[in-house]
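To start, the structure itself, in structure tokens.
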Amino acid sequence: MPVTRHIETHFTATATVRDIVIGMSDGLTVPFALAAGLAGTVASPGVIVVAGVAEIAAGAIAMGLGGYLAARTDSEHYTAERERELRETEEMPQQERAEVAKLFREYGLSEEDAQPLVAAITANRSRWVDFMMRFELELQPPDRARAPRSALTIAASYVVGGLVPLLPYMALPSIPTALQVSVALTLVALFIFGAVKARFTEINPWRGGAQTALIGGIAATAAFMIARLIS
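Structure (structure tokens):
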């Protein structure tokens, strides 16, 4: 009887998706709020476009830098914790072995069953530290290319998202009409963005799209109201 090979498929690009979500969601809401806030105070769509493009450039740089620093901080934190674990396995090996045994007991193993595993893991210091990093501290080895990739992903997503609400002001001479089209485009873009994100994370696309459109719409409305009050 033929045996069907079991193939597991897991989504592993969660960090990239998170960066896209951060950049795109802010890019769709902040420039929209700025443009909508200016719509009632200026006479020319060109002024809105110039202000919007300037905000997109500044926002993309700031968001990208924030993503870079966050990724660098995670990497530095991992390095510092690994050095601490290396010192502890050298200076207090008995306590560290007891911690390994405790981790196995938390998974339901008896003391008798855990001891051979503890001996096997602690026989190799590098493997021992890797085990403690993974199961005690719940830290994964950092990707060295993560920081610049995160910065570029967030910045590019911000630019793409930010251009959506500005397109009507670039194409239409009437500011009230451009504002209405901008609202519609932003909501549609939020829904599509949420549906695509949900598809990658194995969530119902309709629910993901509706949630993103609702949350993004509330955020954009709040930012718009604040911009109007200030202006």
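Quick note: to get this note's numbering, add 581 to the position in the sequence shown (first position is 1).
Here a beta-carbon is modelled for each residue, glycine too, at the ideal position from N, C-alpha and C.
- Judged by DSSP in its simplified three-state form, P729 adopts helix.
- Spatial neighbours of E717 in its own chain (CB-CB distance under 7 angstroms, excluding positions within 5 residues in sequence) are listed in chain order as E680, L684.
- Straight through space, the alpha carbons of M806 and T703 are spaced by roughly 60 angstroms.
- Of all alpha-carbon atoms in D607, S656, F613, the one lying nearest the alpha-carbon of A728 is that of S656.
- Nearest to A801 by alpha-carbon distance, out of M605, R599, Q696, is M605.
- Excluding sequence positions up to five before and after P757, its CB lies within less than 8 angstroms of the CB of A620, all in the same chain and listed in chain order.
- Our two residues, R715 and A779, have alpha carbons roughly 28 angstroms apart in a direct line.
- In the three-state reduction of the DSSP assignment, M714 falls in the helix class.
- Exclusion of the five residues before and after G789 leaves G775, A776, K778, A779 as the residues of its chain whose Cβ lies within less than 7 angstroms of its Cβ.
- Rounded to the nearest angstrom, the Cβ distance from I735 to G798 is 22 angstroms, too far for a contact under 8 angstroms.
- Every alpha helix (DSSP H) stretch that sits fully inside the region 723-785 and reaches 4 residues is listed by chain position as 727-752, 756-781.
- Out of R706, A661, H658, the CA that lies nearest to the CA of R678 is found in R706.
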